[in-house]
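A quick write-up on the structure given underneath.
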Amino acid sequence: MGRPRKEKPNHTSGMYEVKITIGKTFDGKLVRKSFYSAISKADARAKAEQYKINRAVQQITGEVLDESPASFENWSKKVLESLKGTVKDSSWNLTYKTSIEKHLIPYFGKRRIADIRQIDIQNYFNQKGCTLALETLKKHKMALGRIFDAAVLNDMIARNPCINIKLKSSVGAAPKRTYTKEECRKVLEYAKSHRFGLGVHLMLMYGISRSELLGLRWEDVDLGEKILHIRHGVADVQGTDGKMQVILGEPKNDFRRRDVPISTETAALLNAAFCDDHEFVISNTNGTMCSPRTWSRRHYDVFMNDMQTHYAKQEENIPKLTPHELRHTRASIWVNDGENLFAVADVLGHADLKMLRKRYAHSDVESTRKLLKIE
122 MGRPRKEKPN HTSGMYEVKI TIGKTFDGKL VRKSFYSAIS KADARAKAEQ YKINRAVQQI
182 TGEVLDESPA SFENWSKKVL ESLKGTVKDS SWNLTYKTSI EKHLIPYFGK RRIADIRQID
242 IQNYFNQKGC TLALETLKKH KMALGRIFDA AVLNDMIARN PCINIKLKSS VGAAPKRTYT
302 KEECRKVLEY AKSHRFGLGV HLMLMYGISR SELLGLRWED VDLGEKILHI RHGVADVQGT
362 DGKMQVILGE PKNDFRRRDV PISTETAALL NAAFCDDHEF VISNTNGTMC SPRTWSRRHY
422 DVFMNDMQTH YAKQEENIPK LTPHELRHTR ASIWVNDGEN LFAVADVLGH ADLKMLRKRY
482 AHSDVESTRK LLKIE
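Counting from 1, position 275 in the sequence shown corresponds to residue 396 in the numbering used here; the numbering is continuous, with no gaps.
Put into structure tokens, the structure is as follows:
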């Protein structure tokens, strides 16, 4: 009896092809996968069977036997693109894009996603902890978590290796400066007559952020009830074309969406500054929304320089603080004066009273004695 005739290749490439069903899509359609061989159809079929065995072992043990060839660089870029529109533009740029493009890709680069282990990630953070602050490391971990979560969901790996990662930084957070109550009073006094003083007044009196200040529209100001409705924030974000854009967005959480009571004096300052032609309380020369970076350079820095020069002539040295340090000043004054922490948290948009106390309270025995009414 003669040998059976060898089956001819069944693929246009001249290869032998065998197709098997490996699952279903979310809408119930069958997912098919092809296996190829230059030797025979039996060889292609053997590859398909080995794939099934590897998948079964992976499901039982969690070990990845059928590893995806996707590199960390390619996969992280794909995940980054998928995050657009699902997170705030500022978070996409500052937390994900910056972390991935400037730090994670240069480190993990061409390594395959399936080859990266928990110990590799821990080593990454051990190294970065020598040069980066803890808050920055947290952003990197958040980005890595998203990248590997997506890999798990897409059956590229069995589990996320970003578990039990310890973050430690030898870089201390830059100390935030604050004005004393007397310095605060002097800055507020000077702000009354300066052309850019209104923004400084609102930040220093009520602890609103630069983003919230620039997102404040006249329709958010209720002069009759003396309330500021904080509903938006402004951020500079990088567009897909690489150019910076000014974006008006929602607050980063529900606590930052709040109503801030203002004084009669503040209401009068706002009333004097009201302009029918402008949508925003603080606007650029065209009457439209200000870029945070441009406002800081052309308005805020001008105020701080003028203020410092003014008091220097009186032989007083009042430092120039950043916009966030004005918020820090207001919070510190309220907390250390023993004001109700719930009210302080409400006005500042904080959710955590413990964090509020830890961040702004400055331990002082005599202040504690006074607050506790210990004679």
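Backbone N, C-alpha and C define an ideal beta-carbon position, used for all residues, glycine too.
Only a predicted model underlies this, so the values are computations on that prediction, with no experimental measurement involved.
(message) On the CB-based measure, 16 or more other CB atoms within 10 Å of its CB, does Cys305 come out buried or exposed?
(response) Here residue 305 is taken as the residue at index 184 of the sequence shown, counted from 1. Answer is buried; the Cβ neighbour count reaches 16.
(request) Helix, strand or coil for Leu349, going by three-state DSSP, please let me know. (result) As a working note, residue 349 is residue 228 in the sequence shown. Strand, per DSSP.
(message) On the CB-based measure, 16 or more other CB atoms within 10 Å of its CB, does Pro282 come out buried or exposed?
(response) Taking the sequence shown and counting its residues from 1, the one referred to as residue 282 is at position 161. In the assembly as shown, Pro282 is a buried residue. Its beta-carbon has 16 or more other beta-carbons within 10 Å.
(message) Need the endpoints of the beta strand (DSSP E) that Pro382 sits in, please.
(response) The count along the sequence shown starts at 1 and reaches residue 382 at position 261. Unbroken beta strand (DSSP E) run through Pro382: Arg379 to Pro382.
(request) Say whether chain C places a C-beta atom closer than 8 Å to the C-beta of Trp213. (result) Protein chain content of the structure displayed is limited to a single chain, and chain C is not contained in it.
(request) Determine the DSSP secondary structure at Met277, reduced to helix, strand or coil. (result) Here residue 277 refers to the residue found at position 156 of the sequence shown. Correct three-state label for Met277: coil.
(message) Considering Cα atoms alone, identify which of Lys307, Lys313 and Tyr327 is closest to Pro382.
(response) Taking the first residue of the sequence shown as position 1, residue 382 is located at position 261. Of the candidates Lys307, Lys313 and Tyr327, the one whose C-alpha sits nearest the C-alpha of Pro382 is Tyr327.
(request) Give me the Cα-Cα distance between Lys302 and Arg238, rounded to the nearest whole angstrom. (result) Residue 302 sits at position 181 when you count from the first residue of the sequence shown. Residue 238 sits at position 117 when you count from the first residue of the sequence shown. Using only the alpha carbons, I get a separation of about 52 Å.
(request) Following the continuous beta strand (DSSP E) through Met499, name the residue where it begins and the one where it ends. (result) The structure shown has nothing for residue 499, since the chain only spans 122 to 496.
(request) Figure out for me which residue from Lys441, His350 and Trp196 has the closest Cα to the Cα of Ile278. (result) Here residue 278 refers to the residue found at position 157 when the sequence shown is read from its first residue. Out of Lys441, His350 and Trp196, Trp196 has the C-alpha closest to the C-alpha of Ile278.
(request) Tell me whether Leu274 is buried or exposed, calling it buried when 16 or more other Cβ atoms sit within 10 Å of its Cβ. (result) Position 153 of the sequence shown holds residue 274. Label assigned to Leu274: exposed.
(request) Determine the closest residue to Gln429 out of Gly336, His132, Glu310 and Thr252, with distance taken between C-alpha atoms. (result) As a working note, residue 429 is residue 308 in the sequence shown. The residue with the shortest Cα to Cα distance from Gln429 is Glu310.
(request) Tell me whether Glu340 is buried or exposed, calling it buried when 16 or more other Cβ atoms sit within 10 Å of its Cβ. (result) For the purposes of this step, residue 340 is taken as residue 219 along the sequence shown, with counting starting at 1. Exposed: under 16 other Cβ atoms inside 10 Å.
(message) For the ligand ZN, is there any heavy atom lying closer than 7 Å to the beta carbon of Lys373?
(response) Of the ligands one can find in the structure shown there are none, so the ligand ZN has no counterpart to examine.
(request) Jot down the residue ranges of each uninterrupted alpha helix (DSSP H) in the segment 208 to 243, minimum 4 residues, whole runs only, in chain order. (result) Runs of the alpha helix (DSSP H) inside the segment 208 to 243: 226 to 229.
(message) Just to check my reading of the structure: Leu288 and Leu258 have Cβ atoms closer than 8 Å, yes? What is that Cβ distance to the nearest angstrom?
(response) In the sequence shown, counting from the first residue as 1, residue 288 sits at position 167. In the sequence shown, counting from the first residue as 1, residue 258 sits at position 137. That pair is a contact at about 5 Å.
(request) State the Cα-Cα distance for the pair Ile226 and His431, rounded to the nearest angstrom. (result) As a working mapping, residue 226 is identified with position 105 in the sequence shown. As a working mapping, residue 431 is identified with position 310 in the sequence shown. Pairing Ile226 with His431, the inter-Cα distance amounts to about 49 Å.
(message) Using C-beta distances below 6 Å, list every residue in its chain close to Asn392, excluding the 5 sequence neighbours before and after it, in chain order.
(response) Position 271 of the sequence shown holds residue 392. Within the same chain, Asn392 has close Cβ partners Leu344.
(request) Quick one: measure Cβ to Cβ for Gly336 and His353, integer angstroms, because I've assumed they're closer than 8 Å. (result) Along the sequence shown, read from residue 1 onward, the residue named residue 336 stands at position 215. Along the sequence shown, read from residue 1 onward, the residue named residue 353 stands at position 232. The pair is a contact, with the Cβ atoms about 4 Å apart (cut-off 8 Å).
(request) Closer than 8 Å by C-beta to Ala394: which residues in its own chain qualify, once you throw out the five before and the five after it? Chain order, please. (result) Sequence index remark: in the sequence shown, residue 394 carries index 273 (1-based). Only Leu319 and Val402 meet the Cβ criterion.
(request) Name, in chain order, the residues that DSSP records as bridge partners for Ala452. (result) Within the sequence shown, the letter at position 331 stands for residue 452. BP columns for Ala452 are empty, so no partner.
(request) Kindly indicate which residue of Gly470, Val468, Leu201 and Ser453 has the alpha-carbon position closest to the one of Arg267. (result) Within the sequence shown, numbered from 1, the residue matching residue 267 stands at position 146. Comparing alpha-carbon positions, the option among Gly470, Val468, Leu201 and Ser453 lying closest to Arg267 turns out to be Leu201.
(request) Verify whether the separation of the beta carbon atoms of Lys209 and Lys373 is less than 8 Å. (result) Position 88 of the sequence shown, counted from the first residue, corresponds to residue 209. Position 252 of the sequence shown, counted from the first residue, corresponds to residue 373. Contact: yes.
(request) Might you give, ordered along the chain, the residues of its own chain that have their beta carbon closer than 8 Å to the beta carbon of Lys347, omitting 5 neighbours on each side? (result) As a working mapping, residue 347 is identified with position 226 in the sequence shown. Cβ neighbours of Lys347 within its own chain (closer than 8 Å, five residues either side excluded): Pro382, Ile383, Ser384, Thr385, Thr387 and Ala388.
(message) On the DSSP letters alone, give me the boundaries of the beta strand (DSSP E) that Val308 sits inside.
(response) As a first step, residue 308 must be located in the sequence shown, where it is residue number 187. Boundaries around Val308 are those of the alpha helix (DSSP H), Lys302 to Ala312, since no beta strand (DSSP E) includes it.
(request) Taking Tyr300 and Leu442 to be in contact with their CB atoms under 8 Å, please state how far apart those CB atoms are, rounded to whole angstroms. (result) In the sequence shown, the residue the question calls residue 300 occupies position 179. In the sequence shown, the residue the question calls residue 442 occupies position 321. About 7 Å separates the two Cβ atoms, so the contact holds.
(message) On a Cα-Cα basis, can you pick out the residue from Ala272, Lys297 and Ser211 that is closest to Lys260?
(response) By one-based count along the sequence shown, residue 260 stands at place 139. The shortest Cα separation from Lys260 among Ala272, Lys297 and Ser211 belongs to Ser211.
(message) Given a cut-off of 8 Å on the beta-carbon distance, is the pair Leu447 and Met324 in contact?
(response) Here the question's residue 447 lines up with position 326 in the sequence shown. Here the question's residue 324 lines up with position 203 in the sequence shown. Yes, these two residues count as a Cβ contact at 8 Å.
(request) Grab me the residues of Glu128's own chain with a C-beta within less than 8 Å of its C-beta, minus the 5 sequence neighbours each way, in chain order. (result) The sequence position of residue 128 within the sequence shown is 7, counting from 1. The residues are Tyr137, Ser161 and Lys162.
(request) Answer with buried or exposed for Leu151, where buried requires no fewer than 16 other C-beta atoms within 10 angstroms of its C-beta. (result) Reading the sequence shown from its first residue, position 30 is the one you call residue 151. So Leu151 ends up on the exposed side.
(request) Just grab the DSSP bridge partners of Arg153 for me. (result) If you number the sequence shown from 1, residue 153 lands on position 32. Per the DSSP secondary-structure output, Arg153 pairs in a beta bridge with Thr142.
(message) DSSP three-state label for Ser404, please.
(response) Walking along the sequence shown from the start, residue 404 turns up at place 283. Reduced to three states, the DSSP call for Ser404 is strand.
(message) Quick check: what's the CA-CA separation for Gln248 versus Arg232?
(response) One-based indexing of the sequence shown puts residue 248 at position 127. One-based indexing of the sequence shown puts residue 232 at position 111. Using only the alpha carbons, I get a separation of about 18 Å.
(message) So if DSSP puts Ser192 in a beta bridge, which residue, or which two residues, is it bridged to?
(response) On the sequence shown, position 71 is the one that residue 192 refers to. When beta bridges are read from the DSSP output, Ser192 appears opposite Arg233.
(message) In the DSSP assignment, the alpha helix (DSSP H) including Val292 goes from what residue to what residue?
(response) Stepping through the sequence shown from its first residue, residue 292 is reached at position 171. Neither: Val292 is in no alpha helix (DSSP H) and is coded neither H nor E.
(request) Pull up the distance between the alpha-carbon of Lys262 and that of Cys396, whole angstroms please. (result) Stepping through the sequence shown from its first residue, residue 262 is reached at position 141. Stepping through the sequence shown from its first residue, residue 396 is reached at position 275. In a straight line, the C-alpha of Lys262 is about 46 Å away from that of Cys396.
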